[in-house]
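**Q**
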Amino acid sequence: MNCFQYKDGVLRAEGVRLDALAEKVGTPFYCYSTATLERHYKVFAAAVPAGSLVAYAVKANDNLAVLKTLAKLGAGADVVSGGELAKALAAGVPAGRIVFSGVGKTKDEMRAGLEAGIHQFNVESEPELAALDEVARAMGKRAAVSLRINPDVDAKTHAKINTGTAETKFGIPFGHARAAYALAAQMPGIAIAGVDVHIGSQITELAPFETAFTRIGELIATLRGDGHTITRLDLGGGLGVPYEHNNTPPPDPAAYGAMVTRVTRDFGCTLSFEPGRLIAANAGVLVSRVIYVKRGDARTFLILDAGMNDLVRPAMYDAFHEIVAVAEPAPGSPRPKYDVVGPVCETSDLFAADRALPELKSGDLVAILSAGAYGAVMAGDYNARPRVPEVLVAGEQWGIVRPRESYADLIAKDRIPDWLAG
Ligand code: LLP
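The numbering used here puts the sequence shown at residues 47 to 468.
1) Tell me whether Ala278, by its Cβ, gets closer than 7 angstroms to a heavy atom of ligand 1.
2) Kindly examine ligand 1 and report whether one of its heavy atoms sits closer than 7 angstroms to the Cβ of Tyr420.
3) Just the Cα atoms here: how many angstroms apart are Ala253 and Gly282?
4) Please classify Tyr338 as buried or exposed, where buried requires at least 16 other C-beta atoms within 10 Å of its C-beta.
5) Spatial neighbours of Gly128 within its chain, please: C-beta separation below 6 angstroms, excluding the five flanking residues on both sides.
6) Over what stretch of residues does the beta strand (DSSP E) that includes Leu67 continue unbroken?
7) With the cut-off set at 8 angstroms, would you say Gly263 and Thr310 are in Cβ contact?
8) Please classify Tyr289: is it buried, with 16 or more other beta-carbons within 10 angstroms of its beta-carbon, or exposed?
9) In this structure, how does DSSP classify Val306 when only helix, strand and coil are distinguished?
10) Between Gly163 and Leu357, what straight-line distance do the alpha-carbon atoms span, to the nearest angstrom?
11) Asp298 to Val145, Cα distance in whole Å?
12) Between Leu131, Gly148, Glu170 and Ala136, which has its C-alpha nearest Leu160's C-alpha?
13) Regarding Asp124 and ligand 1, is the C-beta to nearest heavy atom distance less than 7 angstroms?
14) Suppose the cutoff is 6 angstroms on Cβ atoms and the five residues either side in sequence are ignored; what does the same chain contact list for Gly286 look like?
15) Rounded to a whole number of angstroms, what is the C-alpha to C-alpha distance between Gly382 and Glu405?
16) Measuring only the C-alpha atoms, how far is Ala176 from Val423?
17) Measure the C-alpha to C-alpha separation of Asp385 and Ala376 and round it to an integer number of angstroms.
18) Measuring CB to CB, does Ile414 end up less than 8 angstroms from His367?
19) Could you have a look at Asn328 and say whether DSSP puts it in helix, strand or coil?
20) Using alpha carbons as the reference points, say which of Phe50, Val412 and Leu193 lies closest to Ile349.
Here it is as structure tokens:
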């Protein structure tokens, strides 16, 4: 569900016309809907057992205004870097609702987390455990820790976002878990709190989750048998969202929540979750203008002013994003096929191949849908293309929540060494 709908022939974000916004802020730009962000958070929080910590995965969209919108509803944050920690705190997420994940935390990042007093660290290896113990002891603290266990379950998603199999870098192998907990128990700087599992992203079936969570439940019993106190279980993120409106949608949060409730009923743990995409993906669009329509021998190319540097998902994961015209097409009007491309000098700068769209011409606006998660956060300035602005809408109101970079901003990032100056 989202709040991007046609009204009076124009696509709107809530009460704001996207064509009017394009005139005001220029194109391309990202546009996020407050109402959609809020609804997604509330639906998820209501679907999981009462008392759970819903720690929004900041990596999906780390704009401060997005974080603040969610923080106001009581969301926690799942962070994977010192930068994300700083942004979550700056947006008003209470430290006590922040979990620190990630496979390569540095000691500086650990120090920052301990300084802030975060809820817990999700630790992914024995060397990381030793480093955290050392940092915590030096600060006279004990770090609350869940060990991320790799359950060796295939999440049946794109290979580049499958994280729960033995071949991936993530988590402590299931078979090493008991030894890792025994090690942690001897560390004065570590307070074992629970277990953490995250098997991947854009997961569209419940079965892999259920298999993984069941395995983790068995492990919790074993660990308790070994004498450890396990009170928390972090089930990660990963629930998929509908990208293609003609496809069967993935299980919704209610179905996911019912499965979790059933599977974890007897685990005796307080649960936490790290949803990212589910909250943000369908709360954002990337609005872009057609620069040219180029008729090739084999294809007709719709050349947009947005490129793979602005939204890399299609190039990186062959991801499907729905593309619509901002001006509502008349019912029954023709739908020729286009290859929708950007201006970047790469063949993979392709948003959609052979896609049936309304007839479009130079100057027309399109919206690339479901771009609120892993969109702006993964953007870069390749081809010296300034980062595009982000706009947040709330009802009839809108605000630029990240301004467009200028050429001066781009130039100011670099430095000329002394020997080249003058
Ligand atoms: N927790 C951990 C430890 C994670 O690594 C991730 C995502 C999440 C939570 C949130 O997962 P979500 O609920 O958003 O599926 N850039 C890729 C997705 C990478 C996901 C990385 N980790 C994409 O655009 O599809």
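Just so it is clear, CB atoms sit at the ideal spot from N, CA and C, and this is done for glycine as well.
**A** On the basis of the supplied data:
1) Note on identity: in this sequence residue 278 is Arg, with Ala being the wrong assignment. For ligand 1, not one heavy atom lies less than 7 angstroms from the Cβ of Arg278.
2) yes
3) 15 angstroms
4) exposed
5) Glu155 and Ala158
6) Premise fails: Leu67 lies in the alpha helix (DSSP H), Leu64 to Val71, not in any beta strand (DSSP E).
7) yes
8) buried
9) helix
10) 35 angstroms
11) 24 angstroms
12) Leu131
13) yes
14) Gln248, Ile249, Thr250 and Pro296
15) Strictly speaking, residue 382 in this sequence is Pro, with Gly absent from that position. Taking the straight line from one Cα to the other gives about 6 angstroms.
16) 31 angstroms
17) 22 angstroms
18) yes
19) helix
20) Val412
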